[in-house]
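Student: Yeah, the sequence shown ends on 992 if you go by the numbering used here, and it's all consecutive.
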Amino acid sequence: MTKGIKTKAPEEHRKTFEEFSQLAEKGIIDIDLVKIYREMIVKADFLLHIFEWEKEKRGRFTYRRLPQANREPAVESAENAKAFFKHMFNICSG
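(1) Could you tell me the boundaries of the alpha helix (DSSP H) in which Ala-922 lies?
(2) Just the Cα atoms here: how many angstroms apart are Lys-984 and Ala-942?
(3) Below 8 Å, how does it come out for the stretch 902-918 and the stretch 930-948: are there three or more Cβ pairs, yes or no?
(4) Near Asp-928, what residues of its chain come up, given a Cβ to Cβ distance below 8 Å and the 5 sequence neighbours on each side ignored?
(5) Please report how far the alpha carbon of Trp-951 lies from the alpha carbon of Phe-987, in whole angstroms.
(6) In whole angstroms, what separates the C-alpha of Phe-918 from that of Val-932?
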């Protein structure tokens, strides 16, 4: 904000990244910060993909009554939850 940069929807994250990159190109901020930001964008996209997939599965499997019908998606959901937690913990701890 001190540099007069404002980004708005749509694609505010992409626009913010572009502005952030320009600051690094001008030497205003360290290029390593851009690398970290880019890495976080990739991780966020991955986590959002997991979230969307889980949301879709919930709709498909919520009303099935047989336990064996829910086992496979439940195991996958548990693995996705572990990955999500690990990434969120790393982000918050870093």
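All residues carry an ideal CB built from backbone N, CA and C; glycine is no exception. Keep in mind it's a predicted model, so treat the numbers as computed, not measured.
Tutor: Reading off the structure:
(1) Along the sequence shown, one-based indexing puts residue 922 at 24. Ala-922 -> alpha helix (DSSP H) spans 910-923.
(2) For the purposes of this step, residue 984 is identified with residue 86 of the sequence shown, where counting begins at 1. For the purposes of this step, residue 942 is identified with residue 44 of the sequence shown, where counting begins at 1. Whole-angstrom Cα-Cα distance: 13 Å.
(3) yes
(4) Counting from 1 along the sequence shown, the entry for residue 928 is found at position 30. Around Asp-928: Ala-922.
(5) Working through the sequence shown from its first residue, we reach residue 951 at position 53. Working through the sequence shown from its first residue, we reach residue 987 at position 89. The straight-line gap from Cα to Cα measures roughly 21 Å.
(6) Numbered from 1 along the sequence shown, position 20 holds the residue referred to as residue 918. Numbered from 1 along the sequence shown, position 34 holds the residue referred to as residue 932. Taking the straight line joining both Cα atoms gives about 7 Å.
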